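**Q** Quick note: the sequence shown uses full-length UniProt numbering, first residue 1, plus one each step.
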Amino acid sequence: MGQLYNVNIQIGDNVRSFSPAFQTEEKYASGWKSTLEKIHKRNGLDVVVSCGCKGKGKKFLCVRHYASSDTYRLAKYANTGFEHEAQCMYFALDDKSTGLKGYQHGVVREGNDGLLVVKLNSGLNEKDPTTEETPARPPAQRPEGGQSQMTLVGLHSLLWTEACLNCWHPGMAGKRSDSLVRHRLLEAAQGIRCGKTVIADILLVGTDPNSAQAKLQDKKIEGLAGSGKRLLIMSTMARYDAERHEKELAFLPLRQFGGLPLALFSSSIQWANTIRRFPSEYAAWKSGERVAVLALTSAPDKTRRGHSVRVNQIALLHVSKNWIPLDSSYEQLVADKLDAENRNYLKPMRFDASQGEVFPDFVLVDTRSDSPFPLEVFGMATPAYLARKQLKMDYYNRQYGPYGWWYWDATLEKNRESIPSFPEKK
1 MGQLYNVNIQ
11 IGDNVRSFSP
21 AFQTEEKYAS
31 GWKSTLEKIH
41 KRNGLDVVVS
51 CGCKGKGKKF
61 LCVRHYASSD
71 TYRLAKYANT
81 GFEHEAQCMY
91 FALDDKSTGL
101 KGYQHGVVRE
111 GNDGLLVVKL
121 NSGLNEKDPT
131 TEETPARPPA
141 QRPEGGQSQM
151 TLVGLHSLLW
161 TEACLNCWHP
171 GMAGKRSDSL
181 VRHRLLEAAQ
191 GIRCGKTVIA
201 DILLVGTDPN
211 SAQAKLQDKK
221 IEGLAGSGKR
231 LLIMSTMARY
241 DAERHEKELA
251 FLPLRQFGGL
261 PLALFSSSIQ
271 WANTIRRFPS
281 EYAAWKSGER
291 VAVLALTSAP
301 DKTRRGHSVR
311 VNQIALLHVS
321 KNWIPLDSSY
331 EQLVADKLDA
341 ENRNYLKPMR
351 FDASQGEVFP
361 DFVLVDTRSD
371 SPFPLEVFGM
381 ATPAYLARKQ
391 LKMDYYNRQY
401 GPYGWWYWDA
411 TLEKNRESIP
421 SFPEKK
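#1: Where do the ends of the beta strand (DSSP E) carrying Leu262 lie?
#2: How would you label Phe373, buried or exposed, when you count the other beta carbons within 10 angstroms and need 16 or more for buried?
#3: Cβ of Leu231 within 7 angstroms of Cβ of Val309?
#4: Would you mind listing the alpha helix (DSSP H) stretches within the segment 16-96 that are 4+ residues and don't spill past its ends, in chain order?
#5: Could you please give the first and the last residue of the uninterrupted alpha helix (DSSP H) stretch that includes Pro383?
#6: Going by DSSP, what residues sit across from Ile258 in a beta bridge?
#7: Please tell me whether Trp405 and Tyr395 are closer than 7 angstroms, where the distance is taken between their beta carbons.
#8: On a Cα-Cα basis, can you pick out the residue from Glu357, Leu124, Lys119 and Val107 that is closest to Leu203?
#9: Return the CA-CA distance between Ile419 and His84, expressed in angstroms with no decimal places.
#10: When DSSP labels each residue in this structure, what does Asn8 get in the three-state scheme?
#11: Could you check what DSSP says for Pro374 in three-state terms: helix, strand or coil?
#12: Is it buried or exposed, Ile199, if we count other Cβ atoms within 10 angstroms and call 16 or more buried?
#13: Please go through the same chain and pick out, in chain order, the residues whose beta-carbon is closer than 7 angstroms to the beta-carbon of Asp366, but skip the five residues on each side of it.
#14: Comparing alpha-carbon positions, which option in Gly114, Ser421 and Ser122 lies nearest Gln149?
#15: Anyone know if the C-beta pair for Ala295 and Val319 falls short of 7 angstroms?
#16: Roughly how many angstroms lie between the CA atoms of Val118 and Ser287, to the nearest whole one?
#17: Counting along the chain, where does the alpha helix (DSSP H) carrying Gly154 start and finish?
#18: Looking at C-beta atoms only, is the number of pairs between the segment 180-189 and the segment 344-358 that lie closer than 8 angstroms three or more?
#19: With DSSP collapsed to three states, give me the class of Gly191.
#20: What does a CB cutoff of less than 8 angstroms around Thr207 pick up in its chain, not counting 5 residues either side in sequence?
#21: Taking only three categories from DSSP, how would you classify Pro360?
#22: Determine the direct distance from the alpha carbon of Arg42 to that of Leu364, and round the result to whole angstroms.
#23: According to DSSP, Phe251 sits in a beta bridge with which residue or residues?
#24: By DSSP, does Tyr403 sit in helix, in strand, or in coil?
#25: Using the Cα positions of Leu254 and Asp327, report the straight-line distance between them to the nearest angstrom.
#26: Among Asp128, Trp323 and Gly31, which residue has its Cα nearest to the Cα of Cys164?
#27: Give the C-beta separation of Leu152 and Gln313 to the nearest angstrom, bearing in mind that I take them to be a contact with Cβ-Cβ under 8 angstroms.
#28: Indicate, with yes or no, if the ligand GTP has a heavy atom lying under 6 angstroms from the CB of Ser69.
#29: Can you tell me which of the three DSSP states Leu316 falls into?
#30: Using the beta-carbon count (16 or more within 10 Å), is Gly174 buried or exposed?
#31: Three-state secondary structure (DSSP) at Trp323?
#32: By Cβ distance, which residues of its chain are closer than 6 angstroms to His307, with the 5 residues on each side in sequence left out?
#33: Quick check on Gln270: buried or exposed, where buried means 16 or more other Cβ atoms within 10 Å of its Cβ?
#34: Whole angstroms are fine: how far does the CA of Asp95 sit from the CA of Asn415?
#35: Count the other CB atoms, across all protein chains shown, that sit within 10 Å of the CB of Gly81; report buried if there are 16 or more and exposed otherwise.
#36: I need the boundaries of the beta strand (DSSP E) containing Ser235, first residue and last residue.
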């Protein structure tokens with residue numbers, strides 16, 4: 001989560017500015033909620049809300065109401081994150097710089113209620129047909145204009161993006177705990193809807209089994225039992241143990257399992273299929289790295305030992321110690337170097353985009369450039385990859401000029417010491 005700035009609210013000719021303290025401190029909570037509630041009820045009539053950061057755009061904000069918790073929060077309008085200052089909590093890359101550009105128009109849109117509305121390829125009701133776990137189609141087989149639906153992998157990316165977990169600022173060092181990550185994901189899920197279902201209503205994020213949050217989530221599961229709603233469960237993989245995990249598994253091995261039902265595999269080959277679909281993430285897990293998991297499951301069943309579900313789909317995501325998504329071990333080396341040098345950067349999420357879509361592996365937002373500065377890692381030397389590498393280099397040179405982007409060719413030397421220096425901070 002980035003820096004919070006003053007919020008300016010204009011009603012007619014009257015303009016008031018609200019400080020970060022007023023927006024966040026407990027003693028002002030009722031006053032801030034009342035302010036946002038009044039704005040939300042006016043529904044934009046003679047009201048303009050904007051962020052006070054130093055970004056060059058209009059930086060308009062909207063007020064979202066989350067009925068399940070009766071809370072009001074500010075949010076940026078779709079595809080306006082790049083108008084904000086890089087350090088601002090509302091800053092985000094435009095869709096053309098992420099895998100969101102791989103979707104058809106309308107797959108991800110802003111609804112009249114202010115929530116992000118997504119078209120998933122799997123229904124969230126038990127009566128809906130179950131979509132098989134298959135990777136996104138290759139580019140040649142895709143409909144013109146991109147993917148027509150979002151997969152579970154795409155939803156995982158969207159939750160991570162909306163929770164700002166793909167962004168890193170040096171001021172976050174030591175603060176991005178398991179509990180904060182859980183809070184941010186649940187908060188992000190309140191702003192995403194599929195059909196009539198708000199994702200937060202069916203999302204369960206694992207926690208310490210002995211915590212108060214686990215007990216509250218157990219009650220949530222009780223309420224969902226018999227509802228006919230499928231669940232989304234999220235946690236990290238348990239620490240890899242060859243003796244336990246190389247044999248046939250009956251259930252998904254999770255590290256933070258408090259407040260979660262037992263996630264039983266639907267077939268004896270489901271985990272093997274998952275490994276084939278996510279080879280990089282599986283390798284990272286085996287080497288002791290952190291791997292986040294999102295699973296779409298059946299509605300919960302009550303048993304003598306608690307609740308259980310059947311897993312329909314699984315999406316894995318390799319993340320760094322700071323929860324930044326990673327696509328390879330080479331990216332991990334780059335992320336470690338960025339962290340060690342106290343840099344401010346983002347990881348553009350791939351969503352369901354094909355390998356043919358070009359966008360950076362990382363983006364620096366603290367350089368002297370007025371625009372985000374792309375970072376690219378080249379890690380293979382096969383003929384097909386080398387051809388692809390040249391296409392990428394040509395693209396970046398056209399878009400940013402030969403000195404407007406950075407790259408590391410990890411095929412020449414694979415150690416961290418061989419990584420070139422990053423562009424200077426401003």
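For each residue, glycine too, the CB sits at the ideal point set by N, CA and C.
For clarity, every value in this text was computed on a predicted model and none was experimentally measured.
**A** Taking the definition as stated:
#1: From DSSP, the beta strand (DSSP E) with Leu262 extends over Leu262 to Phe265.
#2: With 16 or more other Cβ atoms inside 10 Å of its own Cβ, Phe373 counts as buried.
#3: A contact, by the Cβ cut-off of 7 angstroms.
#4: For the segment 16-96, whole alpha helix (DSSP H) runs of length 4 or above, ordered along the chain, are 20-24 and 29-42.
#5: Taken as a continuous stretch (DSSP letters only), the alpha helix (DSSP H) holding Pro383 covers Pro383 to Tyr400.
#6: Here residue 258 is Gly; the residue named in the question, Ile, does not match the sequence. Paired residues: Thr207.
#7: In terms of Cβ geometry, Trp405 and Tyr395 do not form a close pair [threshold 7 angstroms].
#8: For Leu203, the nearest C-alpha among the options comes from Leu124.
#9: One C-alpha to the other measures close to 30 angstroms.
#10: The three-state secondary structure of Asn8, taken from DSSP, is strand.
#11: Three-state DSSP puts Pro374 in a strand.
#12: Ile199 comes out buried.
#13: Within the same chain, Asp366 has close Cβ partners Ala86, Arg343, Asn344, Lys425 and Lys426.
#14: Among Gly114, Ser421 and Ser122, the Cα nearest to that of Gln149 is on Ser122.
#15: Going by beta carbons, Ala295 and Val319 fall outside the 7 angstroms limit.
#16: If you take the alpha carbons of Val118 and Ser287, they lie about 34 angstroms apart.
#17: Note, Gly154: alpha helix (DSSP H), Leu152 to Glu162.
#18: The segment 344-358 and the segment 180-189 do not touch, with fewer than three beta-carbon pairs separated by less than 8 angstroms.
#19: DSSP places Gly191 in the coil class of the three-state scheme, outside both helix and strand.
#20: Sequence-distant partners of Thr207 (beyond 5 residues in either direction) whose C-beta falls short of 8 angstroms from its own C-beta, in its chain, are Asp178, Ser179, Arg182, Gln213, Ala214, Gln217, Gln256, Gly258 and Gly259.
#21: The three-state secondary structure of Pro360, taken from DSSP, is coil.
#22: Cα to Cα, the separation comes out at about 38 angstroms.
#23: Beta-bridge partners of Phe251 (DSSP): Leu264.
#24: Tyr403 carries a coil assignment under DSSP once its states are collapsed to helix, strand and coil.
#25: The straight-line gap from Cα to Cα measures roughly 21 angstroms.
#26: Measuring from the Cα of Cys164, the nearest candidate turns out to be Trp323.
#27: Their Cβ separation, rounded to whole angstroms, is 5 angstroms, which keeps Leu152 and Gln313 in contact under 8 angstroms.
#28: As far as ligands go, the structure on display features none, and thus does not contain the ligand GTP.
#29: Correct three-state label for Leu316: strand.
#30: It is exposed - the Cβ of Gly174 has fewer than 16 other Cβ atoms within 10 Å.
#31: It is coil, neither helix nor strand.
#32: So the qualifying residues of the chain are Ile221, Pro261 and Pro300.
#33: Looking at its Cβ environment, which holds 16 or more other Cβ atoms inside 10 Å, Gln270 is buried.
#34: Taking the straight line from one Cα to the other gives about 32 angstroms.
#35: The Cβ neighbour count for Gly81, taken over all protein chains shown within 10 Å, is at least 16; the residue is labelled buried.
#36: From DSSP, the beta strand (DSSP E) with Ser235 extends over Leu231 to Thr236.
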